[in-house]
Amino acid sequence: MKHRKLLMIPGPIEFEPEVLRAMGVATTSHIAPNFIDVFGNSLELMKKIWKAPNGQPFIVAGSGTLAMDMAAANLIENGDAALVVSTGYFGERFKDILDRYGASTTLLKAPIGEVVSIEAIENQLKQKQYKMMVFTHVDTSTGVLVDPVPMARLAKKYSVLSVMDGVCSVGGEDIRQEEWGIDIVLTGSQKAIGVPPGLALLVASQKAIGVWKNRKTPVFNYYADWGNWLPIMQAYEDRRPSYFATPAVNLILALETSLNILDNEGMDNRVKRHQNLARAFREALKALDLKILPKTPSIAANTLTAAYYPKDINAAALRSRMAENNVIIAGGLLPEIKTTYFRVGHMGSVSANDLVAVLSALERALAELDYSFKPGQSLQAFQNAILRCGE
Ligand code: PMP
């Protein structure tokens, strides 16, 4: 399409036409038999995608932040100790949310572009009995990927609930919630799940549900209270009508369609595709002498890349020139370094061709801004990497 802009920010992403078509149908009642089926199917598909066959899924109208809010509101009581392991902007947001519900929060903050060491986390867990440990699988502000396996192992060892912000990872990164023993894995619809913004998605372990059931005080958030939502999720899964607050009917039609696309591709294949594209894209940026924000490749996300602008290049001009070339990328988000780096999302149904378009627009913008490089340099590196590893 001649003037179509390619949306390559780390969410919302480009959505499959089939998903958008599913949203465009006439809205039915939220208790129409066909919709009850769609809702029930979506809950079952979530358990498959999250790899949590015994988990309790929740689908609630809202964004990823509501899913974070829901985890904190339902599991935290006044004075509970919570440990937040932060790799960027969204770790700090989780701390704010936990504080709002009266948690006594400790923040372990990684240096920019790095992760907090497992030793530092373990030292902290030895200090006192925490109720909950929160970490961000992929922090969208830095592009840093945290390995959930040792985190989950530590949480188990110290009897702490583990909560993973998977807003920028679920559907794109390897996740095995039940095998790893993570109590909450949450996301929003608009990233690697591939559905327009508007759904908060969360899967809770039976242990987390048990902790919520044994609360001594009420949940101080009416809309997020699992007491309101659990019977609704159970009813839809049993294919029975129910109502607490009107679900986002058309978004849930889109969700079922998209989760089926994920399931048909197979999560292992999907993660591999994200990995191959991410690696090839970073090789391409390196061929232009751009520096990647995560310090080492093993902690660089597969769903997005954060990279510093070359020295002396006007950041706003680069992004607006790329937009004129019909490719939309995102600027920085982390306040300390916001103006020094940019972010490109590569998740969902992203293909090698999409990234070729990004690199081509990037090279043209850099050339217009007098950056010195050989045109085609990044494209060649990308193509070579894709030919070596596949898409
Ligand atoms: N956590 C992470 C890692 C995110 O990337 C985002 C959104 N960019 C959020 C939480 C918040 O999600 P939302 O904007 O959907 O509320």
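FYI, in the numbering used here the residues of the sequence shown are 673 to 1063. Glycine included, every Cβ here is placed at the ideal spot set by N, Cα and C.
Would you give the residue range spanned by the alpha helix (DSSP H) that residue i belongs to?
| i | result |
| --- | --- |
| Ala827 | Pro820 to Lys829 |
| Gly763 | Tyr761 to Arg772 |
| Asp940 | Met939 to Ala959 |
| Ala724 | No alpha helix (DSSP H) holds Ala724; DSSP gives it neither H nor E. |
Can you find the residues in the same chain that come closer than 7 Å, C-beta to C-beta, to residue i, ignoring five residues on each side of it along the sequence?
| i | result |
| --- | --- |
| Ser989 | The displayed chain sequence assigns Ala, not Ser, to residue 989. Answer for Ala989: Leu1041, listed in chain order. |
| Ile881 | Gln728 |
| Lys828 | Gly853 |
| Leu949 | His1018, Val1022, Ala1024, Leu1027 and Glu1063 |
| Gln634 | Within the shown structure, residues of the chain are numbered from 673 to 1063, placing residue 634 beyond reach of any answer. |
| Ala1039 | Pro1047 |
| Leu1031 | Ala956, Ser1050, Leu1051 and Phe1054 |
| Asp741 | Ile769, Asn893 and Ala896 |
| Gln849 | Trp722, Lys723, Ala724, Gly727, Val857 and Val875 |
| Asp846 | Val943 |
| Val818 | Thr759, Val787, Phe807, Thr808 and His809 |
| Glu851 | Lys723 |
| Tyr1043 | Pro982 and Ile985 |
| Thr699 | Val921 and Asn922 |
According to DSSP, is residue i helix, strand or coil?
| i | result |
| --- | --- |
| Tyr894 | coil |
| Ala876 | strand |
| Ser714 | helix |
| Ser930 | helix |
| Leu679 | strand |
| Phe807 | strand |
| Thr918 | coil |
| Ile685 | coil |
| Lys888 | coil |
| Arg911 | coil |
| Asn750 | coil |
| Glu1063 | coil |
| Gly696 | coil |
| Ile847 | coil |
| Ile703 | coil |
| Gly853 | coil |
| Val691 | helix |
| Leu832 | A small correction: the amino acid at residue 832 is Val; Leu does not occupy that position in the sequence shown. Correct three-state label for Val832: coil. |
Leaving out five residues on either side along the sequence, give the residues of the same chain with a beta carbon under 6 Å from the beta carbon of residue i.
| i | result |
| --- | --- |
| Ile790 | Pro822 |
| Val891 | Ala745, Asn746 and Asp897 |
| Tyr761 | Ser813, Leu1005 and Leu1006 |
| Ala952 | Phe1054, Ala1057 and Ile1058 |
| Thr808 | Thr759, Phe762, Gly763 and Asp837 |
| Leu976 | Pro682, Gly815, Arg1015 and Gly1017 |
| Ser834 | Met805, Ala824, Ala827, Ile854 and Asp855 |
Would you mind reading off the limits of the beta strand (DSSP E) that contains residue i?
| i | result |
| --- | --- |
| Gly860 | Ile856 to Gly860 |
| Leu755 | Ala753 to Ser758 |
| Ala864 | Per DSSP, Ala864 belongs to no beta strand (DSSP E) and is neither H nor E. |
Starting from the C-beta of residue i, find all residues in its chain whose C-beta is less than 8 Å away, skip the five residues before and the five after it, and write them out in chain order.
| i | result |
| --- | --- |
| Val697 | Asn922 and Leu925 |
| Pro684 | Gln862, Lys863, Pro868 and Pro869 |
| Arg676 | Asn998 |
| Val788 | Val757, Ser758, Thr759, Leu780, Lys781 and Ala782 |
| Asp771 | Thr777 |
According to DSSP, residue i sits in a beta bridge with which residue or residues?
| i | result |
| --- | --- |
| Asp837 | Thr808 and Leu858 |
| Thr814 | Answer is none; Thr814 lacks a bridge partner. |
| Val842 | For Val842, which the question treats as bridged, DSSP gives no partner whatsoever. |
| Ala972 | Val816 |
| Ile731 | Leu873 |
| Ile964 | Ala979 |
Is residue i near the ligand SAM, judged by its Cβ being under 8 Å from some heavy atom?
| i | result |
| --- | --- |
| Thr977 | Looking for the ligand SAM in the displayed structure turns up nothing; the ligands present are the ligand PMP. |
Next on the checklist: I'd like the ranges of any beta strand (DSSP E) spanning at least 3 consecutive residues and lying wholly in the segment 985-1050.
Outcome noted: 1013-1017
Checklist entry - Can you list the alpha helix (DSSP H) stretches of 4 or more residues lying completely in the segment 776-804, in chain order? => result Within the segment 776-804, the complete alpha helix (DSSP H) runs of at least 4 residues are 790-799.
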